[in-house]
Amino acid sequence: MNIIFVVFLVGGILAAAWYGNVGVITTAAVDSAGAAVTKLAGFVGVMTLWLGVAKIAERSGLLFSLSKLFQPLMGLLFPSVPKNHPAMGAMLMNMTANMLGLGNAATPFGLKAMGELQKLNPRKDTASTAMCTFLAINTASITLVPATIISFRAASGSANPAEIAGPALLASLVAALVAVALDYYFRRKDNNLWR
């Protein structure tokens with residue numbers, strides 16, 4: 081990514097110099113920096129609100145209650161993980177936070193889940209099936225309330241920032257179903273993956 085940004089930056093400067101508009105770069109840089117700070121201020125406010133809601137949901141037990149709702153499904157998706165193992169709890173909390181669109185709140189749970197799954201992994205130099213399944217589901221992450229996107233849209237002045245919720249739910253649901261189906265297919269294809 082760094083190389084791509086450098087190429088864009090140097091290319092823009094060279095193109096501006098070639099056409100004799102070097103002053104445009106300075107004006108654009110200053111204007112963009114000001115616009116970024118303005119958008120960031122709005123985004124920080126909305127994200128603070130949602131992260132506060134996530135913390136309240138966590139401390140009140142709402143996230144835990146929601147995670148309990150999905151526990152039977154988790155047993156099917158992760159047959160190698162014991163029901164009451166800390167990895168199961170961390171995965172449930174991660175997925176629940178992701179469903180609420182709170183990626184920042186979900187990340188610590190995801191890291192803890194991977195650490196706990198690694199403890200169950202008999203081959204420490206290779207990702208286990210449970211780790212691969214969790215990564216696929218976490219990457220797709222079904223999102224009921226896309227709080228981060230709503231925050232960006234609100235900070236950008238959208239008339240209806242929450243209208244993205246329906247399409248985000250549909251897209252993330254399809255992505256999760258495809259991820260689980262492919263995970264199941266590859267697990268069945270190579271019986272050596274069961275561990």
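Residue numbers (the working numbering): 81 to 275. The C-beta atom is built at its ideal place from N, Cα and C for all residues, glycine as well. All figures in this text were calculated on a predicted structure; none of them were measured in a lab.
Just curious, the alpha helix (DSSP H) that residue i is in, first and last residue?
i, result
"aspartate 263", "245–269"
"serine 231", "227–235"
"methionine 211", "209–220"
"lysine 277", "Not covered by the structure: residue 277. The range shown for the chain is 81 to 275."
In its own chain, which residues sit with a C-beta less than 7 Å from the C-beta of residue i, not counting the 5 before and 5 after it?
i, result
"leucine 253", "Ile222"
"lysine 119", "Ala235 and Ser236"
"arginine 268", "none"
Does residue i come out as helix, strand or coil in the three-state DSSP assignment?
i, result
"serine 160", "coil"
"phenylalanine 150", "coil"
"methionine 173", "helix"
"methionine 81", "coil"
"serine 238", "coil"
"leucine 182", "coil"
"threonine 128", "helix"
"leucine 224", "coil"
"leucine 89", "helix"
"glycine 100", "coil"
Under 8 Å Cβ to Cβ from residue i, same chain only, skipping five residues before and after it: list those, please.
i, result
"asparagine 178", "Ala186, Asn218, Ser221, Ile222 and Thr223"
"isoleucine 244", "Pro226, Ile229, Ile230 and Arg233"
Taking only beta-carbon positions, decide if residue i is within less than 9 Å of chain B.
i, result
"phenylalanine 88", "No chain B appears in the structure shown, which is made up of a single protein chain."
Just to confirm my understanding: we take residue i, look at its own chain, exclude 5 residues before and 5 after, and list those with CB closer than 6 Å. What are they?
i, result
"alanine 216", "Ala259 and Asp263"
"asparagine 201", "Ser208"
Quiz item: Is it a yes or a no for the segment 243–260 touching the segment 213–229, going by three-plus beta-carbon pairs under 8 Å?
Solution: A contact exists between the segment 243–260 and the segment 213–229.
Quiz item: Three or more C-beta pairs closer than 8 Å, one from the segment 157–173 and one from the segment 232–244: is that the case here?
Solution: No, the segment 157–173 is not in contact with the segment 232–244.
Exercise. Evaluate contact between the segment 209–217 and the segment 152–160, counting only Cβ atoms and requiring at least three cross-stretch pairs below 8 Å.
Key: Yes, the segment 209–217 touches the segment 152–160.
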